[in-house]
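*Asks:* If you scroll down you'll find the structure; I have some questions about it.
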Amino acid sequence: MFNFFINGLKEKLQPLKLKFLGLLAGGYIASFVSVQGIQALMPFIRREFAISRTQAGLYSTVFFISATAVALFSGNIVDKIGSRTGLLIGLYSMGGLFIFQGAAPVYGLLLVLGLLTGLGFSIITPAVNKAVMIEVEPSHRAVSMGIMHSGSGVGGFVGAAILPALAGFIGWRLSIILAGIISLLIGLIVQRYLQVSSLEEKDEENSSGKSFSRQLYRVLSNRQLMLASGLGVVFGLAVGAIPAHYTLYLTMDLNFSEAAAGLALGVVQIGGVVGRIFWGWLSDIPFKGDRKNTFLVIMITIVILNLTSAFAGSLLGSSLLLMMLLSFMLGVSALGWSGLFFTVVSERATAEQTGMASGMALVFLRLGVVIGPAIFGLLGDYFDHYRYSWLLLTVLVLISGSIYYILQSRQDRKRAEASGADS
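Residues in the sequence shown are numbered from 61 upward in steps of one, following the working numbering.
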């Protein structure tokens with residue numbers, strides 16, 4: 061009986077190519093351990109260099125500005141050199157640069173190195189997205205993308221939780237050097253075991269002779285792709301604002317302790333990891349590839365949870381269990397969409413444009429990540445509570461989700477009419 065169960069499980073999991081996805085997720089884990097880890101180490105860095113809070117925040121700013129500024133170029137590079145080579149460039153460059161950051165004698169040099177590290181980071185998402193789109197069958201793409209993207213949540217959680225604790229024993233410099241070494245080691249594993257299919261080699265040949273401007277024009281002219289990418293702004297607002305302000309919301313609005321708020325933020329991150337896999341499974345299996353209606357479920361869930369956060373503060377504040385449950389569901393919905401999002405973006409592009417399509421989506425997404433925390437916090441400061449911050453996020457999700465659903469439904473009807481006329 062047990063062997064029958066194991067054999068059945070293996071048969072269901074075989075199409076997911078777990079070894080392949082594990083290697084890609086490992087690349088994500090390594091990069092996010094470093095990125096989230098150095099942000100969590102900022103109290104140590106601030107103390108050593110005697111810098112202000114504003115100066116400490118500059119690191120994230122320069123890192124993500126550089127990563128966003130070259131996202132389209134990085135995606136185009138991946139389309140030309142292939143996903144495996146792109147992922148290796150990202151891992152090796154980030155690993156080496158984080159090791160140098162651990163030895164930076166002044167904070168100014170740390171910022172310069174952070175700027176350069178953002179360039180390496182920018183190539184990783186287009187590389188892993190392209191690999192999944194080429195290697196995985198369409199019927200399993202969303203859940204496979206979710207499994208792979210869960211590496212970012214795992215890496216972020218490990219970096220934020222472990223590196224600061226480790227820094228208490230060995231210092232922040234050795235901690236971040238260790239994170240860089242992990243990137244290099246995972247790069248070696250990827251180089252050894254990740255295989256490139258002949259199909260991707262053909263895509264590299266097809267895209268190698270096409271200029272950046274021509275590829276960019278084709279991406280911008282793709283209405284379906286731009287419609288899906290536009291959702292990235294609102295998703296970015298959520299993924300930027302909620303982790304940045306959630307502990308403040310719990311301590312200042314709901315009067316939870318700092319320890320409980322920190323634990324809840326960890327639960328949010330865990331929910332994000334689960335959500336990346338769950339939404340992909342929901343779209344691929346029960347919804348049979350219906351991405352539009354899966355997005356609709358995500359949007360409705362986010363709206364309900366945001367309204368609960370805005371108006372049910374007294375109820376949530378009276379129960380630690382309810383607050384933790386809300387935190388988990390908030391992570392599942394507001395942070396767990398990325399695998400499905402990049403699946404939709406990549407499916408709207410041709411195989412040879414997957415890298416640049418991912419880069420375009422990242423531009424929209426990171427725009428939301430950059431402005432989200434500021435807007436969320438500005439409303440919180442003005443009204444002295446976060447109720448209207450949650451309401452604004454709710455309204456934006458409703459508007460963007462409705463526009464996407466209506467326009468996508470219209471496109472689906474046109475496609476159905478065209479196929480009916482052809483038949």
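Every residue, glycine too, gets a C-beta built ideally from N, C-alpha and C.
Given the structure is predicted, the values throughout are model-derived calculations rather than measurements.
Buried or exposed: which applies to K474, given that a residue is buried once 16 or more other Cβ atoms fall within 10 Å of its Cβ?
*Replies:* With fewer than 16 Cβ atoms within 10 Å of its Cβ, K474 is classed as exposed.
*Asks:* Which residues bound the alpha helix (DSSP H) around I194?
*Replies:* Residues 184 to 195.
*Asks:* Enumerate, from N- to C-terminal direction, the unbroken alpha helix (DSSP H) stretches of 4 or more residues contained entirely within the stretch 349 to 375.
*Replies:* 351 to 371
*Asks:* Would F401 and L291 be called neighbours here (beta carbons separated by less than 8 Å)?
*Replies:* yes
*Asks:* What are the complete alpha helix (DSSP H) segments, minimum 4 residues, inside the stretch 370 to 416?
*Replies:* 373 to 377, 380 to 390, 398 to 407
*Asks:* Given this structure, state the Cα-to-Cα distance separating M359 from S393, to the nearest angstrom.
*Replies:* 8 Å
*Asks:* Shortest alpha-carbon distance to A163 belongs to which of V214, V93, I236?
*Replies:* I236
*Asks:* For W339, count neighbouring C-beta atoms within 10 Å of its own C-beta (all shown protein chains included) and say buried if the count is 16 or more, exposed if not.
*Replies:* By the Cβ neighbour-count rule, W339 is buried, with 16 or more other Cβ atoms within 10 Å of its own.
*Asks:* Please say whether G432 and L297 have beta carbons closer to each other than 8 Å?
*Replies:* yes
*Asks:* Quick check on G437: does DSSP put it in helix, strand or coil?
*Replies:* helix
*Asks:* If I'm right that G146 touches I183 with Cβ under 8 Å, what's the distance once you round it to whole angstroms?
*Replies:* About 5 Å; that satisfies the 8 Å criterion.
*Asks:* For the stretch 149 to 167 and the stretch 193 to 208, state whether three or more C-beta atom pairs, one from each stretch, are separated by less than 8 Å.
*Replies:* In this structure the stretch 149 to 167 does not lie against the stretch 193 to 208, because fewer than three pairs of beta carbons, one per stretch, are closer than 8 Å.
*Asks:* Does the Cβ of I362 have 16 or more other Cβ atoms within 10 Å, making it buried, or fewer, making it exposed?
*Replies:* buried
*Asks:* Alpha carbon to alpha carbon, how far is R376 from F388?
*Replies:* One point to set straight first is that residue 376 is Leu, not Arg, in the sequence displayed. Taking the straight line joining both Cα atoms gives about 13 Å.
*Asks:* Here's a check: name, in chain order, each residue in its chain whose Cβ is nearer than 7 Å to the Cβ of V423, leaving out the five neighbours to either side.
*Replies:* T128, A131, L132
*Asks:* Quick one, are the C-beta atoms of M208 and T414 less than 8 Å apart?
*Replies:* Against a cut-off of 8 Å, the Cβ pair of T414 and M208 comes out as no contact.
*Asks:* Using 8 Å as the Cβ pair cut-off and three pairs as the minimum, do the stretch 115 to 122 and the stretch 237 to 249 touch?
*Replies:* no
*Asks:* Report yes if the CB atom of L84 is closer than 8 Å to the CB atom of A221, and no otherwise.
*Replies:* no
*Asks:* Going straight from the alpha carbon of L438 to that of S449, what length do you get?
*Replies:* 8 Å
*Asks:* Helix, strand or coil for D444 per DSSP?
*Replies:* Here D444 sits in coil by DSSP.
*Asks:* If you check the beta carbons only, do Y490 and D313 fall under 8 Å apart?
*Replies:* Because the chain spans 61 through 483 in this model, residue 490 falls outside it and cannot be assessed.
*Asks:* Put I111 into one of helix, strand or coil per three-state DSSP.
*Replies:* coil
*Asks:* Starting from the Cα of S289, find the closest Cα among M420, V138, G440, F104 and give me that residue.
*Replies:* Answer by Cα proximity: M420.
*Asks:* Between which two residues does the alpha helix (DSSP H) holding H209 run?
*Replies:* 201 to 230
*Asks:* Quick check on K262: buried or exposed, where buried means 16 or more other Cβ atoms within 10 Å of its Cβ?
*Replies:* The predicted model places K262 with a pLDDT of 49, which falls under 50 and marks its position as unreliable, so this point remains unresolved.
*Asks:* Using the rule of at least 16 other Cβ atoms within 10 Å of the residue's Cβ for burial, across every protein chain shown, is L277 buried or exposed?
*Replies:* The sequence shown places Tyr at residue 277, rather than the Leu named in the question. Residue environment for Y277: exposed (fewer than 16 other C-beta atoms within 10 angstroms of its C-beta).
*Asks:* Can you give me the Cβ contacts of Q99 inside the same chain, cut-off strictly under 7 Å, excluding the 5 residues immediately before and after it?
*Replies:* S120
*Asks:* For G135 versus A321, is the C-beta spacing smaller than 8 Å?
*Replies:* Against a cut-off of 8 Å, the Cβ pair of A321 and G135 comes out as no contact.
*Asks:* Excluding the 5 residues preceding and the 5 following F436 in the sequence, name in chain order all residues of the same chain whose CB lies nearer than 6 Å to its CB.
*Replies:* A301, H305, S449
*Asks:* Given this structure, state the Cα-to-Cα distance separating A116 from I141, to the nearest angstrom.
*Replies:* 36 Å
*Asks:* On the three-state DSSP scale, how would you describe S289?
*Replies:* helix
*Asks:* Along the alpha helix (DSSP H) that carries F181, what are the first and last residues, could you check?
*Replies:* 167 to 181
*Asks:* Going by beta-carbon coordinates alone, are L381 and S369 separated by less than 8 Å?
*Replies:* no
*Asks:* In terms of residue numbering, what span does the alpha helix (DSSP H) encompassing Q161 cover?
*Replies:* 143 to 162
*Asks:* Restricting to Cα atoms, I'd like to know which of T454, P186, L367, G219 is closest to I137.
*Replies:* P186
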